[in-house]
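**Q** Okay, handing you the structure first.
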RNA sequence: GCCCCCUUCGUCUAGUGGUUAGGACGCAAGAUUUUCAUUCUUGAAACAGGAGUUCGAUUCUCCUAGGGGGUGCCA
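In structure tokens:
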């Protein structure tokens with residue numbers, strides 16, 4: 026039996042879990058799931074100045090919302106420092122690293138000269154002894170090979186070869202003795218037994234350097250898969266205005282985690298022509314071969330469509346749970362035209378069957394249900410007001426009011442029959458009846474089906490709202 | 001500057017040395033509908049450009065262009 030696969034998601038906690046990170050996490054998770062392996066989480070907080078506990082919290086919450094549960098507790102890279110230092114010293118002893126000191130100016134000078142000469146910058150001082158006065162300010166640099174080349178056998182990008190003379194002697198230990206990211210990833214991935222490193226392709230060049238470290242240490246290489254980055258809708262690097270928002274922002278906008286997973290999975294990965302990929306199928310189908318090499322653009326319209334699909338397909342209970350979570354989450358406030366406090370979830374639940382299929386997002390669904398929770402007298406929008414001012418409207422409203430008063434069983438079918446009969450008996454087109462009724466009951470010309478509106482409001486409320494608009 | 005990667009409808013993508021280059025979103029038109037939305041039908045819409053290999057290239061190779069990434073005592 027082959028060794029079980031272990032993947033990891035390793036974000037640096039300098040901000041929320043943005044969409045690119047979420048997808049990287051998803052791919053790692055899906056691959057582990059599909060292979061019956063493990064998915065680990067490592068917080069790369071070696072940069073103490075930029076890492077925050079708020080960010081860690083946001084990442085954890087985002088992954089939780091997306092349903093990407095890691096196996097075991099998260100590993101905090103900062104807690105592995107001692108181990109990183111041990112490895113750095115090992116490298117020093119084996120002659121694969123050296124102490125060095127150079128001022129910022131000197132380093133800048135080296136880079137400027139290299140650029141001028143049209144070559145890659147390389148730190149030239151690996152064989153120079155350090156003056157005593159700089160001993161305690163020195164860093165540990167990796168002694169990277171100069172001859173030959175390094176090839177990454179990437180599972181997504183194919184074989185990528187970089188000449189070793191392009192790769193500089195990177196810093197392993199800073200002058201304050203703390204390990205850098207380059208050292209830490211290698212050590213942690215090795216120590217955690219990671220078999221597949223799936224990460225953004227902004228790490229591709231770094232990967233060559235990391236491979237050199239693995240080789241110096243005589244450690245086995247994990248498999249690498251560098252996935253292309255996600256771009257904004259204009260093809261430029263994803264930024265806030267494109268939707269580089271935190272996962273929790275997507276929750277606030279009314280997206281379902283499963284829809285998010287489906288959309289993100291299809292962004293850069295495919296399984297033939299399949300578009301609707303529920304999570305169980307994702308786990309069944311996910312593979313590294315299906316990952317595309319080109320960067321993909323983030324497209325909200327498609328996300329909306331997928332989300333609408335899942336809202337329609339989910340059960341009332343599932344949608345209700347999502348709604349509860351949305352409304353009760355006090356980390357953010359959903360953008361609503363009315364206060365979320367007014368929402369009566371029990372009533373909303375009864376309306377879900379006809380509300381679900383019309384909404385692309387949970388927010389849209391709540392907005393469509395606004396008529397349920399508005400208080401009388403309703404605020405009429407201009408068009409609704411106009412519909413009420415039409416010739417003969419108050420007569421019609423009075424008429425149906427009387428009919429509604431005496432309707433025996435308040436159910437949708439009876440309401441429909443009642444209105445159709447009324448139209449027929451009074452020789453009216455239905456188009457004469459529905460618009461003013463809709464206005465009176467919802468304050469708007471746009472609403473769910475009129476029978477559903479009437480039924481869901483209940484007799485008392487319907488009579489009251491009609492009364493409100495009939496001139497005395 | 002130097003190094004690396006990428007390029008099929010507007011977008012996400014399928015696909016093959018010979019296909020009417022397929023699907024989805026979006027868009028347009030039509031049908032259904034009391035409104036909006038849904039749903040259904042139909043339609044427009046792509047192999048970045050140039051060489052080469054080949055009987056034949058969207059597919060293989062090279063070049064160019066465009067985009068992206070790296071080049072940190074950031075991750």
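Numbering (our numbering), first residue to last: 26 to 497.
Cβ coordinates follow ideal geometry from the N, Cα and C atoms, glycine included.
Remember, it's a predicted structure, so these values are computed and weren't measured experimentally.
For residue 341, which residues of its own chain have a beta-carbon under 8 Å away from its beta-carbon, when the five flanking residues on both sides are left out?
**A** Taking the first chain and counting its residues from 1, the one referred to as residue 341 is at position 316. Taken in chain order, the residues that qualify are 374, 377, 378, 381.
**Q** Measure from the alpha carbon of residue 204 to the alpha carbon of each residue in 429, 437, 110, 88, then state which is nearest.
**A** As a first step, residue 204 is located in the first chain; it is residue number 179 there, counting from the start. The shortest Cα separation from residue 204 among 429, 437, 110, 88 belongs to 110.
**Q** Here's the rule I'm using: 16 or more other beta-carbon atoms within 10 Å means buried, otherwise exposed. How should residue 235 be labelled?
**A** Against the first chain, residue 235 aligns to sequence position 210. Looking at its Cβ environment, which holds 16 or more other Cβ atoms inside 10 Å, residue 235 is buried.
**Q** Since residue 217 contacts residue 65 with CB under 8 Å, what's their CB separation in whole angstroms?
**A** Within the first chain, residue 217 is the residue found at index 192, counting from 1. Within the first chain, residue 65 is the residue found at index 40, counting from 1. About 6 Å; that satisfies the 8 Å criterion.
**Q** Going by Cα to Cα distance, which pick from 433, 362, 194 is closest to residue 147?
**A** For the purposes of this step, residue 147 is taken as the residue at position 122 of the first chain. Out of 433, 362, 194, 194 has the C-alpha closest to the C-alpha of residue 147.
**Q** Count Cβ pairs between the stretch 393-400 and the stretch 442-460 that sit closer than 8 Å; are there 3 or more?
**A** The stretch 393-400 vs the stretch 442-460: no contact.
**Q** Please classify residue 430: is it buried, with 16 or more other beta-carbons within 10 angstroms of its beta-carbon, or exposed?
**A** As a position in the first chain, residue 430 is number 405, starting the count at 1. Exposed.
**Q** What are the complete alpha helix (DSSP H) segments, minimum 4 residues, inside the stretch 244-288?
**A** For the stretch 244-288, whole alpha helix (DSSP H) runs of length 4 or above, ordered along the chain, are 272-277.
**Q** Rounded to the nearest angstrom, what separates residue 123 and residue 30 at their Cα positions?
**A** Within the first chain, the letter at position 98 stands for residue 123. Within the first chain, the letter at position 5 stands for residue 30. Approximately 35 Å between the Cα atoms of the pair.
**Q** Near residue 87, which residues of its chain fall below 7 Å by C-beta distance, leaving aside the five closest residues on each side in sequence?
**A** Along the first chain, read from residue 1 onward, the residue named residue 87 stands at position 62. If we look at residue 87 and ignore the five residues flanking it on each side, its Cβ neighbours are 41, 42, 47, 271, 272, 273.
**Q** Work out the CA separation of residue 451 and residue 486 for me, nearest whole Å.
**A** Indexing the first chain from 1 puts residue 486 at position 461. Indexing the first chain from 1 puts residue 451 at position 426. Approximately 25 Å between the Cα atoms of the pair.
**Q** Give the straight-line distance between the Cα atoms of residue 418 and residue 488, rounded to the nearest whole angstrom.
**A** On the first chain, position 393 is the one that residue 418 refers to. On the first chain, position 463 is the one that residue 488 refers to. The straight-line gap from Cα to Cα measures roughly 15 Å.
**Q** According to DSSP, residue 165 sits in a beta bridge with which residue or residues?
**A** Reading the first chain from its first residue, position 140 is the one you call residue 165. Bridge partners of residue 165: 124, 198.
**Q** In this structure, what does DSSP give as the bridge partners for residue 175?
**A** By 1-based counting over the first chain, the position of residue 175 is 150. Looking at the DSSP assignment, residue 175 forms a beta bridge with 187.
**Q** Distance, Cα to Cα, residue 119 vs residue 169?
**A** The residue given as residue 119 occupies position 94 in the first chain. The residue given as residue 169 occupies position 144 in the first chain. Cα-Cα distance, rounded: 13 Å.
**Q** Select from 321, 318, 298 the residue whose C-alpha is nearest the C-alpha of residue 310.
**A** Locating residue 310 in the first chain gives position 285, counting from the first residue. Checked all of 321, 318, 298; the closest Cα to residue 310 is 298.
**Q** Across the stretch 244-252 and the stretch 76-87, are there enough close Cβ pairs to call them in contact, namely three or more that are closer than 8 Å?
**A** Short answer: they don't touch.
**Q** Go ahead and label residue 61 buried or exposed: buried means 16 or more other beta carbons lie within 10 angstroms of its beta carbon, across all protein chains shown.
**A** Numbered from its first residue, the first chain carries residue 61 at position 36. With fewer than 16 other Cβ atoms within 10 Å, it is exposed.
**Q** Is DSSP giving residue 77 helix, strand or coil here?
**A** Translated into the one-based positions of the first chain, residue 77 becomes position 52. In this structure, residue 77 counts as coil in the three-state DSSP scheme.
**Q** Use the C-beta contact count for residue 369: other C-beta atoms within 10 angstroms, 16 or more gives buried, fewer gives exposed.
**A** Here the question's residue 369 lines up with position 344 in the first chain. When all chains shown are included, residue 369 counts as exposed.
**Q** In angstroms, rounded to a whole number, what distance separates the CA positions of residue 35 and residue 69?
**A** Counting from 1 along the first chain, the entry for residue 35 is found at position 10. Counting from 1 along the first chain, the entry for residue 69 is found at position 44. If I take the Cα positions, the gap works out to 6 Å.
**Q** Taking Cβ positions, are residue 444 and residue 491 nearer each other than 9 Å?
**A** Taking the first residue of the first chain as position 1, residue 444 is located at position 419. Taking the first residue of the first chain as position 1, residue 491 is located at position 466. No, Cβ-Cβ distance for residue 444 and residue 491 is not below 9 Å.
**Q** Please classify residue 57: does DSSP put it in a helix, a strand, or coil?
**A** Along the first chain, read from residue 1 onward, the residue named residue 57 stands at position 32. Here residue 57 sits in helix by DSSP.
**Q** Can you tell me which of the three DSSP states residue 310 falls into?
**A** For the purposes of this step, residue 310 is taken as the residue at position 285 of the first chain. Residue 310: helix per DSSP, three-state reduction.
**Q** Starting from the C-beta of residue 117, find all residues in its chain whose C-beta is less than 8 Å away, skip the five residues before and the five after it, and write them out in chain order.
**A** Here residue 117 corresponds to residue number 92 of the first chain, with the count starting at 1. Answer for residue 117: 123, 124, 165, listed in chain order.
**Q** What does a CB cutoff of less than 8 Å around residue 141 pick up in its chain, not counting 5 residues either side in sequence?
**A** The residue given as residue 141 occupies position 116 in the first chain. Here the set comprises nothing.
**Q** For the stretch 127-137 against the stretch 173-185, do three or more pairs of beta-carbon atoms, one drawn from each stretch, fall closer than 8 Å, so that the two count as touching?
**A** Output reads no: the stretch 173-185 does not touch the stretch 127-137.
**Q** How would you write the range of the beta strand (DSSP E) that residue 64 sits in, first residue to last?
**A** On the first chain, residue 64 is found 39 positions in, with the first residue counted as 1. 63-68 is the span of the beta strand (DSSP E), which, as asked, contains residue 64.
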